[in-house]
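Numbering (full-length UniProt numbering), first residue to last: 1 to 115.
Working notes, structure below.
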């Protein structure tokens, strides 16, 4: 029996996440990069990727040579909201407050930055 494609992608994502977590726990720097490079026909051909297969991404792994810069603490109220069934959240920000340059977006981006 063939494993459904959706389940294969979920398993690949879990495995990649675990690999990154293990690398960081061991003191290595690690990042997964995907995007257009995963669909490059020449690259996939050189790597032996069949036409029915896909690349999930590339892992860059190495030694950390310097400590990352200190991050500003994220204010919890800028990145969370409460929801109750049947009523709209009164804490939902306006669309103008959730764009790529908004404080909430910047706080989320900063919270996801490598430590």
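Just so it is clear, CB atoms sit at the ideal spot from N, CA and C, and this is done for glycine as well.
Here the structure is a predicted model, which means the values were calculated and not measured.
Can you give me the Cβ contacts of residue i inside the same chain, cut-off strictly under 6 Å, excluding the 5 residues immediately before and after it?
{"i": "residue 32", "result": "16, 57 and 59"}
{"i": "residue 65", "result": "none"}
Within the continuous beta strand (DSSP E) that includes residue i, where are the two ends?
{"i": "residue 45", "result": "Element bounds for residue 45: not the beta strand (DSSP E) but the alpha helix (DSSP H), 41 to 47."}
{"i": "residue 29", "result": "28 to 33"}
{"i": "residue 76", "result": "Taken as a continuous stretch (DSSP letters only), residue 76 belongs to no beta strand (DSSP E), as it is neither H nor E."}
{"i": "residue 59", "result": "58 to 63"}
How close, in whole Å, do the beta carbons of residue i and residue j come, if the pair is a contact with beta carbons under 8 Å?
{"i": "residue 61", "j": "residue 28", "result": "6 Å"}
{"i": "residue 55", "j": "residue 38", "result": "4 Å"}
{"i": "residue 30", "j": "residue 23", "result": "4 Å"}
Span of the alpha helix (DSSP H) holding residue i?
{"i": "residue 15", "result": "5 to 25"}
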